[in-house]
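Be aware that the sequence shown starts at 1, since it is given in the UniProt record's numbering, and climbs by one per residue. No residue lacks a Cβ here, since even glycine has one placed at the ideal position from N, Cα and C. Note sheet for the following structure.
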Amino acid sequence: MRSRVALIAALVLLVILGPFATRIPCFSVEGLKEVAYWISYTQKLTSFIIWVVVIAYLATRKGINWKEVVLSAIALNVAVAALKCVFQSPRPIGVPASLCDIEGLGYPSGHSARAMWVALWIGYLYPQLRIPALIYAFLVGWSRIELCMHYPLDVVGGFLVGFIVFEFLRGSGGGRKVEGSQAQRGGSRGSAEGS
1 MRSRVALIAA
11 LVLLVILGPF
21 ATRIPCFSVE
31 GLKEVAYWIS
41 YTQKLTSFII
51 WVVVIAYLAT
61 RKGINWKEVV
71 LSAIALNVAV
81 AALKCVFQSP
91 RPIGVPASLC
101 DIEGLGYPSG
111 HSARAMWVAL
121 WIGYLYPQLR
131 IPALIYAFLV
141 GWSRIELCMH
151 YPLDVVGGFL
161 VGFIVFEFLR
171 GSGGGRKVEG
181 SQAQRGGSRG
191 SAEGS
């Protein structure tokens, strides 16, 4: 029940923040652009594919169907693209956004959405890594603001999308143990042979 309430609250907040995304300006700290660039690079779409493969592999080792991870990753990127088209929020650098030119649009931040999704999956699979994974996600969000590629609310919106997609798909079938996993099959075969 709490998960559904959090999911609904995040969805409502995402919609409410959209029109105000450009109200808070981006800011940067002198001398940190290079660090921000490399942190940001870890969530480019091409880098994200590597994350998806690694998380799918780790999920499989934990008895979770890898297809759930891949479906969730696809849904995440589709959701970000669709929301960018809906909100039509420009980036701080003033790149003119033609109708649905996703690269020129700001809200929500795709990098931040992907970073939160990665952090939540890592924290789900390895609870002892939850805090470092969330710190990583927040560093990616900071990097997008530091590089002045997004307004702060773009980043918050991205975090919300990552959370919503993770929670929605995990709660409706994603992240469940695979029925008849290798350990279960081996155990039942052994007991059948012993009879």
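Residue i - partner residues in DSSP beta bridges
{"i": "residue 90", "result": "105"}
Check whether residue i and residue j have beta carbons under 7 Å apart
{"i": "residue 90", "j": "residue 148", "result": "no"}
{"i": "residue 111", "j": "residue 40", "result": "yes"}
{"i": "residue 76", "j": "residue 113", "result": "yes"}
{"i": "residue 73", "j": "residue 86", "result": "no"}
{"i": "residue 6", "j": "residue 164", "result": "no"}
Inter-residue Cα distance where the pair is residue i and residue j
{"i": "residue 154", "j": "residue 108", "result": "5 Å"}
{"i": "residue 161", "j": "residue 60", "result": "24 Å"}
{"i": "residue 36", "j": "residue 81", "result": "23 Å"}
{"i": "residue 117", "j": "residue 166", "result": "6 Å"}
{"i": "residue 142", "j": "residue 56", "result": "26 Å"}
{"i": "residue 152", "j": "residue 71", "result": "28 Å"}
{"i": "residue 65", "j": "residue 88", "result": "35 Å"}
{"i": "residue 42", "j": "residue 121", "result": "16 Å"}
{"i": "residue 49", "j": "residue 58", "result": "14 Å"}
{"i": "residue 67", "j": "residue 54", "result": "13 Å"}
{"i": "residue 119", "j": "residue 30", "result": "27 Å"}
{"i": "residue 69", "j": "residue 128", "result": "20 Å"}
{"i": "residue 174", "j": "residue 150", "result": "Confidence at residue 174 is low in this model, with a pLDDT of 48, below 50, so its placement is unreliable and the value that follows should be read with caution. Roughly 30 Å between the two C-alpha positions."}
Residue i at chain B interface by Cβ criterion, 7 Å
{"i": "residue 139", "result": "Of the chains in the structure shown, none is chain B; there is only one protein chain."}
Nearest-angstrom beta carbon gap, residue j and residue i [assumed within contact, 8 Å]
{"i": "residue 44", "j": "residue 146", "result": "With 8 Å as the limit, residue 44 and residue 146 do not qualify as a contact, their Cβ atoms being about 16 Å apart."}
{"i": "residue 62", "j": "residue 125", "result": "5 Å"}
Nonlocal neighbours in the same chain, by C-beta distance under 6 Å from residue i, ignoring five residues either side
{"i": "residue 139", "result": "39"}
{"i": "residue 4", "result": "none"}
{"i": "residue 159", "result": "112, 116"}
{"i": "residue 123", "result": "130, 133"}
{"i": "residue 78", "result": "none"}
Sequence-distant residues of its chain with Cβ nearer than 7 Å to residue i (five each side left out)
{"i": "residue 8", "result": "none"}
Residues of its chain near residue i, where Cβ-Cβ distance is below 8 Å and the 5 sequence neighbours each way are ignored
{"i": "residue 283", "result": "As displayed, the chain neither begins before 1 nor continues past 195, which places residue 283 out of reach and without an answer."}
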